[in-house]
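Be aware that the sequence shown starts at 1, since it is given in the UniProt record's numbering, and climbs by one per residue.
Glycine included, C-beta positions come from ideal geometry on N, C-alpha and C.
Worksheet: one structure, shown below.
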Amino acid sequence: MLRYERKYRAEEVTLTEVLQMVRMHRAGFRKAFPDRFINSIYLDTYELDYYNDNIAGLSDRVKQRIRWYGERLDNILNPVMEIKIKENELGYKRYAELPAFKPGGNFSYEKYMKQHLWLATNNIVPTVMIRYMRSYFVSFDKKVRVTVDRNLAYYPVDKKLNFNIQPYTDPTIIVELKYPADYYKNHDSFTQDFPFRMTRNSKYVQAIMTCYG
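Written out as structure tokens, the structure is:
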């Protein structure tokens, strides 16, 4: 489904204040799902083409990542490959389930990829792992979703995907609004109700810059 995503950096406010602003919004946002950790291994070419496309501000961009939920980093259960495609201001995702795996130790990204040759066709490799806590909200009419992300952590990764290291931490709070393309014309004005600065903020770009300078 094509949808818009509006991202905001919630600066000079606390998490409590951000959550209160969401709940008091005129769209009637209510909790949609329990808070949970989101973990994503981002994939890119050796030349970091996806990263460079984002930095350049290209209207058509792609992100690939292996995503799973929960606290565990030693045994990855129910991972999903996500391919996020953005065309101008609209975006959509494609998904594929992957088998569980245990990173670090004897894990080999190359062997894992050979079991899933369809993933290896683009010559992509793991670059960083990003982890954060997310809160979920949905509007009264069920059309608009808001997520609030915090406790961001960035892990440099190699082909063994060893997460037993001290990550870089980021205190930023990110608020995202997500709504269908056909909802835009009549309802985009409510995005102005948030007193946050809308930004092109990309967790992936920030992670690459933080981990590798």
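Whole-number beta carbon distance between residue 164 and residue 104, since they are thought to touch under 8 Å | In the sequence shown, counting from the first residue as 1, residue 104 sits at position 104. In the sequence shown, counting from the first residue as 1, residue 164 sits at position 164. At roughly 6 Å, the Cβ-Cβ gap stays under 8 Å, so residue 104 and residue 164 are in contact.
Starting from residue 128, trace the beta strand (DSSP E) both ways and give me its first and last residue.
-> The residue given as residue 128 occupies position 128 in the sequence shown. Note, residue 128: beta strand (DSSP E), 124-138.
At a cut of 8 Å, does the segment 3-11 reach the segment 81-97 through at least three beta carbon pairs?
-> Taking 8 Å as the limit for Cβ pairs, the verdict is that the segment 81-97 does touch the segment 3-11.
Contact between the segment 153-167 and the segment 48-55: three or more CB pairs below 8 Å?
-> Flag = no, the segment 153-167 and the segment 48-55 do not touch.
How many angstroms separate the CA atom of residue 82 from the CA atom of residue 124?
-> Within the sequence shown, the letter at position 82 stands for residue 82. Within the sequence shown, the letter at position 124 stands for residue 124. Taking the straight line joining both Cα atoms gives about 13 Å.
Local Cβ density within 10 Å of residue 108, reported as buried at 16 or more and exposed below that | As a position in the sequence shown, residue 108 is number 108, starting the count at 1. That one is exposed.
Within 9 Å, strictly: CB atoms of residue 204 and residue 130 | Sequence index remark: in the sequence shown, residue 204 carries index 204 (1-based). Sequence index remark: in the sequence shown, residue 130 carries index 130 (1-based). A contact, by the Cβ cut-off of 9 Å.
Opening and closing residue of the beta strand (DSSP E) in which residue 39 lies = For the purposes of this step, residue 39 is taken as the residue at position 39 of the sequence shown. It spans 30-45 - the beta strand (DSSP E) in which residue 39 sits, taken as one unbroken run.
Inspect the beta-carbon positions of residue 86 and residue 67 and report whether they are closer than 9 Å.
-> Sequence index remark: in the sequence shown, residue 86 carries index 86 (1-based). Sequence index remark: in the sequence shown, residue 67 carries index 67 (1-based). The beta carbons of residue 86 and residue 67 sit no closer together than 9 Å.
Taking 9 Å as the cut-off, decide whether the C-beta atoms of residue 128 and residue 8 are in contact.
-> Sequence index remark: in the sequence shown, residue 128 carries index 128 (1-based). Sequence index remark: in the sequence shown, residue 8 carries index 8 (1-based). Against a cut-off of 9 Å, the Cβ pair of residue 8 and residue 128 comes out as no contact.
Using a threshold of 9 Å, state whether the C-beta atoms of residue 30 and residue 140 are closer than that.
-> Here residue 30 refers to the residue found at position 30 when the sequence shown is read from its first residue. Here residue 140 refers to the residue found at position 140 when the sequence shown is read from its first residue. Yes.
Quick one, are the C-beta atoms of residue 231 and residue 153 less than 9 Å apart?
-> The requested residue 231 does not occur in the structure, where the chain is confined to residues 1 to 213.
Below 6 Å CB to CB, which residues in the same chain sit around residue 145 once its five sequence neighbours on both sides are set aside?
-> One-based indexing of the sequence shown puts residue 145 at position 145. Excluding sequence neighbours, residue 145 sits near 138 and 178.
By how many angstroms is the C-alpha of residue 162 removed from the C-alpha of residue 73?
-> As a first step, residue 73 must be located in the sequence shown, where it is residue number 73. As a first step, residue 162 must be located in the sequence shown, where it is residue number 162. So the two alpha carbons sit approximately 9 Å from each other.
When DSSP builds the beta bridges, which residues end up paired with residue 113?
-> Along the sequence shown, one-based indexing puts residue 113 at 113. Answer is none; residue 113 lacks a bridge partner.
Presumed contact (8 Å Cβ cut-off) between residue 13 and residue 148, rounded CB distance | Counted from its first residue, the sequence shown places residue 13 at position 13. Counted from its first residue, the sequence shown places residue 148 at position 148. Actually they are not in contact, since the Cβ atoms of residue 13 and residue 148 sit about 11 Å apart, beyond 8 Å.
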